[in-house]
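Report on the following structure.
In the numbering used here, the protein residues as written are 28 to 708.
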């Protein structure tokens, strides 16, 4: 049996598939700060025998939470003499150009804990100044006195030659084995000293937190007699072992969200939809990503806490290209100083939760608004719902400010939330040169199917797919992912006069490194699949474009092909191409997959049943420009392939609700997915 669990801000999800292909799901409340208890709770709630678990895959928000809440450990930095202030100087590109009060992000390591060492390499990786070992010994004593719990080591040009970093880490481990230590080359071999140093610092900052959490989770599993192969979801969309995750926890910064993206890509392949926009709405956030021709885009240009006003903190770790905003079911509606209605980014979370939960929440949320307008039914809540409390909260916080009825105030909350989500969808489609009309929207998470049909209508998307077990789809996506490691090496060379022998040798080194790592994880060489990419640019440019590269021996014909493809992709990304200009490689990027057996989707049996047999009730729903409209509500588990429903209507299941509108038609495909289609002019 394969089991996947995913921790969200509000709920912890579980999906399992047994040896017969049967799929089961469960959902329970997240249990901060002891998140591992929520995992055990949802396993027990699912009713499965933990001794039957052969493969256990886990997605967690522990890393991103530790970073954003500043709950990591006291960390020190050892760097090249003259470069202690790299992470404070950062970059000069200010996101808020005309803000005279703009402040740069505060480094995670204070200046007195940033210490320098005599050593120096040039850009070719050649030693200019040998490493001063005696200074390392002195610094270890200094950091001990300062009660530091983790160290980061980042030397100039270590991406090219990690020799000095390796010597430093070896000495630290000999003299101070208790401290967590990260060398920059262990997490990234890309150039750019600021981004590389910051990544090493953040990895060390969360390393003890990650180790503690993974150990507690593993102990809980052992206590319950589970004897499984245990894996954790990474930000690049693949999985890795518990032990590897403890070494480079920064690779788990987007552990949970990306699984749903890969699940959407896998589902799209099965149902014949290569162009997909994956859209996930949970209790706290909404996340989306674009999948073009079946390819999930992965980038190392990732930031935390970056927005229109803040530069954020770079992490040079492979992360699925994903846009995330603070809008989910628990997002709080509030009015700013200018009198404008806002929704999010603050969330009521699992505790106290929306007003509807009756657990002490007083601020109206998107969930409360959907409940008051009839989109949600009180029957589907775990708690006894007091509708009058919900109505009062929306009246006090929203409606009375604008002279609206409670229903109009609730609809206003929904419209603002939808507008926020629509902007996010445009960021990953229109803003990147893609026409959303060419894509299918795959909606999942507890609130995905609630909002997706309305957003599709505004965006011009012709089809929305609501998968089976949509509310726990990210966990389902984990069951469909392979083991994955990314190996990125900065290798700056002009393509017009590149040394093919040297280039082929560099690829062979990366592939050998991948084979060695997978051998340690008991993956056979024949189960490894390599994908090659090169980050390319025009000479003199700053930004790069990631270009696929054919496998095998690279020859002159391969170079011509990759240059032609680069011109095409550059034009798509930046609206122009310079076919006469010199092109150059900046990074080599090898993706190594360790293939695992995936469960097969089961087709539903075709039954000749009337649509009325799935009808649950007719209830009033409040719509924009229409007011209260009697709307048919259907049981999802009673819908079978072949059935069609004309909107407006609602389809309910225990943990999700699908709302679709006039001019939209819902049908059920052979796999039980809901397909919502709209005729777009």
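Beta carbons: idealized from backbone N, C-alpha and C, even for Gly.
Assuming the contact rule is C-beta atoms closer than 8 Å, residue i and residue j should be a hit. Round their C-beta distance to whole Å, please.
i	j	result
residue 180	residue 195	5 Å
residue 473	residue 310	6 Å
residue 625	residue 697	Not confirmed; about 18 Å, so no contact.
residue 383	residue 394	6 Å
residue 683	residue 42	14 Å between Cβ atoms; not a contact.
residue 286	residue 501	5 Å
residue 392	residue 356	7 Å
residue 99	residue 221	19 Å between Cβ atoms; not a contact.
residue 117	residue 130	At roughly 11 Å, the Cβ-Cβ gap does not stay under 8 Å, so residue 117 and residue 130 are not in contact.
residue 323	residue 264	6 Å
residue 656	residue 643	With a Cβ gap of about 17 Å, residue 656 and residue 643 do not count as contacting.
Give the straight-line distance between the Cα atoms of residue i and residue j, rounded to the nearest whole angstrom.
i	j	result
residue 372	residue 38	18 Å
residue 51	residue 667	18 Å
residue 291	residue 305	6 Å
residue 526	residue 532	10 Å
residue 620	residue 551	11 Å
residue 494	residue 327	30 Å
residue 312	residue 144	43 Å
residue 177	residue 468	43 Å
residue 345	residue 536	19 Å
residue 646	residue 255	47 Å
residue 708	residue 53	Model confidence at residue 708 stands at a pLDDT of 47, short of 50, so the residue's coordinates are unreliable; what they give is reported in the following sentence. Between residue 708 and residue 53, the C-alpha separation is close to 40 Å.
residue 680	residue 128	49 Å
residue 452	residue 59	30 Å
residue 440	residue 421	9 Å
residue 186	residue 448	38 Å
residue 685	residue 612	47 Å
residue 544	residue 652	60 Å
residue 33	residue 162	45 Å
residue 587	residue 606	12 Å
residue 137	residue 212	22 Å
residue 566	residue 595	16 Å
residue 120	residue 617	30 Å
residue 510	residue 257	12 Å
residue 402	residue 477	8 Å
residue 481	residue 189	52 Å
residue 247	residue 67	7 Å
Would you check if the distance between the CB atom of residue i and the CB atom of residue j is smaller than 7 Å?
i	j	result
residue 689	residue 699	no
residue 273	residue 241	yes
residue 514	residue 483	no
residue 516	residue 615	yes
residue 359	residue 368	no
residue 125	residue 228	no
residue 350	residue 443	no
residue 693	residue 705	no
residue 107	residue 182	yes
residue 321	residue 301	yes
residue 627	residue 48	yes
residue 572	residue 539	no
residue 224	residue 113	yes
residue 282	residue 86	yes
residue 276	residue 234	yes
residue 389	residue 438	no
residue 743	residue 475	Residue 743 cannot be examined here, being either before or after the span of the chain that is shown, 28 to 708.
residue 142	residue 166	yes
residue 580	residue 593	no
residue 556	residue 456	no
residue 84	residue 31	yes
residue 45	residue 28	yes
residue 658	residue 677	yes
With DSSP as the reference, identify every bridge partner of residue i, one or two as the case may be.
i	result
residue 514	617
residue 77	Bridge partners of residue 77: none, in fact.
residue 55	39
residue 269	Residue 269 pairs with nothing; no bridge assigned.
residue 181	106
residue 704	490 and 692
residue 257	83
Any chance you could list the beta strand (DSSP E) runs of at least 3 consecutive residues sitting entirely within the stretch 538 to 601, in chain order?
Listed in chain order, they are 555 to 565 and 572 to 576.
What are the complete beta strand (DSSP E) segments, minimum 3 residues, inside the stretch 111 to 150?
141 to 144
Mind pulling the alpha helix (DSSP H) runs of 4 or more residues that sit fully within the stretch 394 to 472?
414 to 421 and 433 to 454
For a minimum of 4 consecutive residues, which ranges assigned as the alpha helix (DSSP H) are wholly contained in the stretch 325 to 378?
List check, alpha helix (DSSP H) in window: nothing returned.
Complete alpha helix (DSSP H) runs within the stretch 196 to 249 (minimum length 4 residues, chain order):
Taking only runs of at least 4 residues, the alpha helix (DSSP H) segments lying wholly in the stretch 196 to 249 are 211 to 214.
At 3 residues or longer, and completely inside the stretch 616 to 665: list those beta strand (DSSP E) runs for me, N to C.
642 to 650 and 654 to 662
Which parts of the stretch 477 to 536 are runs of the alpha helix (DSSP H), unbroken and 4 residues or longer, counting only runs that do not cross its ends?
With a minimum length of 4 residues, the continuous alpha helix (DSSP H) runs that stay inside the stretch 477 to 536 are 500 to 506.
Which runs of the alpha helix (DSSP H) at least 4 residues long sit entirely within the stretch 259 to 317? Give them in chain order.
269 to 274 and 284 to 297
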